[in-house]
Amino acid sequence: MSESSFWLLRFENQVLVHTESSAGHVFPISSAAEFGHPPEALLIGQWQGKPCYALDLDSIPSHVQGELMPVRSLFGAVGEEAFTLAGRATQLMDWQKNHRFCGRCGTVQFKKTTEFGMECPSCRMVSYPRISPAVMILIQRGNELLLGRSPHFKPGVFSALAGFVEPGETLEQCCKREVLEEVGVEITNLRYFQSQPWPFPNSLMLAFFADYAGGEINIDPNEIEAAAWFSKDDLPKLPDPVSIARRLIDAACQ
Ligand SMILES: [Zn+2]
Numbered sequence: 012m013s014e015s016s017f018w019l020l021r022f023e024n025q026v027l028v029h030t031e032s033s034a035g036h037v038f039p040i041s042s043a044a045e046f047g048h049p050p051e052a053l054l055i056g057q058w059q060g061k062p063c064y065a066l067d068l069d070s071i072p073s074h075v076q077g078e079l080m081p082v083r084s085l086f087g088a089v090g091e092e093a094f095t096l097a098g099r100a101t102q103l104m105d106w107q108k109n110h111r112f113c114g115r116c117g118t119v120q121f122k123k124t125t126e127f128g129m130e131c132p133s134c135r136m137v138s139y140p141r142i143s144p145a146v147m148i149l150i151q152r153g154n155e156l157l158l159g160r161s162p163h164f165k166p167g168v169f170s171a172l173a174g175f176v177e178p179g180e181t182l183e184q185c186c187k188r189e190v191l192e193e194v195g196v197e198i199t200n201l202r203y204f205q206s207q208p209w210p211f212p213n214s215l216m217l218a219f220f221a222d223y224a225g226g227e228i229n230i231d232p233n234e235i236e237a238a239a240w241f242s243k244d245d246l247p248k249l250p251d252p253v254s255i256a257r258r259l260i261d262a263a264c265q
């Protein structure tokens, strides 16, 4: 491990950051020796030209200063780049923590040195970090957008529809199935927009535009609590700018 590196330290699901650093360091600079060369420290990438390690802590050592923040709030506090790195770190730390034993034979596993893989020394099965693809679909009909709200959204917020890809399904099939299940509407002319890793816990959101093709709104109350057509000139409360949902809706309105 390099002598001086950045450390993305997590304590009780929050990350330690410097929000006021004039050097723009964001993450604390330290050395592996100061943490006792922990074997579970993960090299997750580079930050400002130095290696950046991620480490879960039971307590914050006295030599480290900073403010504890939930990963979700980093986007607003320290920017998208730090948010992305912290999201990557979170997913990798969770993966390491959740794959200590082989899922097939129960033996204690070890992290491979060449890649992010936990390998079983007994049956040789390798467990890679799980990434769960999900689609997001913004349906347009003339000047209107079909938006829905899930019960776990903040009060009043509506967004594009979304759902997880099932095994054996193409993204196109998933978009059509999710829309039909959630609001009973048919779509056509799918156009890919952008993607966003979403580390809560391990989604990769792939966003699409689609055109309305038929059907009346008929919601599945197990998935969403309301859905409606909204004029682009009179939209309800929308998701935070951190989310791809917001970027997708904003792009449709330009
Ligand atoms: Zn095994």
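In this text, residue positions in the sequence shown follow our numbering: the first is 12, and each later residue adds one. Glycine included, every Cβ here is placed at the ideal spot set by N, Cα and C.
Residue 222 to residue 197 span [Cα, whole Å]: One C-alpha to the other measures close to 9 Å.
Counterpart residues of residue 56 in DSSP-defined beta bridges: For residue 56, which the question treats as bridged, DSSP gives the partners 63.
Bridge-paired residues (DSSP) for residue 40: 17
At least three beta-carbon pairs within less than 8 Å, the region 66-74 to the region 88-97: no
Cβ-Cβ distance between residue 204 and residue 219 below 8 Å: Residue 204 places its beta carbon less than 8 Å from that of residue 219.
Any non-hydrogen atom of ligand 2 closer than 7 Å to residue 138 Cβ: Ligand 2 is not among the ligands present in this structure, which contains only ligand 1.
Rounded separation between residue 167 and residue 21 - CA only: 32 Å
DSSP-derived helix/strand/coil call for residue 151: Residue 151: strand per DSSP, three-state reduction.
Stretch-stretch touch, CB-based, cutoff 8 Å, three pairs: the region 183-199 with the region 227-235: The region 183-199 is in contact with the region 227-235.
Inter-residue Cα distance where the pair is residue 249 and residue 265: 15 Å
Heavy atom of ligand 1 within 7 Å of residue 118 beta-carbon: yes
Residue 113 CB to nearest heavy atom of ligand 1 below 7 Å: yes
Separation of residue 16 from residue 187, as counted between CA atoms: 46 Å
Three-state secondary structure (DSSP) of residue 225: Residue state, collapsed to three classes: strand.
Cα-Cα separation between residue 85 and residue 119, rounded to whole angstroms: 34 Å
Of the listed residues 123, 159, 133, 106, nearest to residue 141 (C-alpha basis): 106
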